[in-house]
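Step one of this worksheet: look at the structure below.
Numbering (our numbering), first residue to last: 3 to 152.
In structure tokens form, the structure reads like this:
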């Protein structure tokens with residue numbers, strides 16, 4: 003459904019593009035399970051790297067890279083508009099955030115993935131760390147995954 007070449011860029015917290023991230027996250031990661039992005043604690047996002055994929059002015063994919071003070075960065079809120087899935091947008095976002103983590107001297111990236119997208123992350127080199135679980139904030143089975151840099 004692309005109308006323009008996809009452009010990838012950081013998103014400034016509080017900007018109109020940031021507001022688009024709230025809509026995309028709500029549509030793809032919360033509403034399907036009867037929740038709202040408004041229930042999430044987003045107070046620390048001003049310190050995080052928010053990265054997006056745009057078709058013209060429209061946000062079609064995004065993720066957040068969080069430095070939580072450990073040797074690993076944390077990848078959060080990976081979301082791609084359903085009409086744009088299967089085009090490599092999520093993988094391109096992940097690779098850019100991996101590159102930035104390497105440049106920052108991190109040992110790798112950790113994330114919490116829904117079990118139905120395990121193969122996406124496995125293809126990118128992430129490994130499952132531990133047993134599946136259901137987090138308090140969303141009633142969907144997840145697993146912890148880690149990408150360790152060599």
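Just so you know, even glycine gets a beta-carbon here, dropped at the ideal spot from N, CA and C.
- Bounds of the alpha helix (DSSP H) holding residue 21 are 18-27.
- Pairing residue 75 with residue 38 gives a Cβ-Cβ distance that is not under 7 Å.
- In the three-state reduction of the DSSP assignment, residue 122 falls in the helix class, which pools H, G and I.
- Across the set 135, 134, 52, the C-alpha of 52 shows the shortest separation from the C-alpha of residue 99.
- The criterion of a C-beta distance shorter than 7 Å is satisfied by residue 130 and residue 145.
- Bridge pairing for residue 129: 148 [DSSP].
- In the DSSP assignment, residue 32 falls outside any beta strand (DSSP E) and carries neither an H nor an E.
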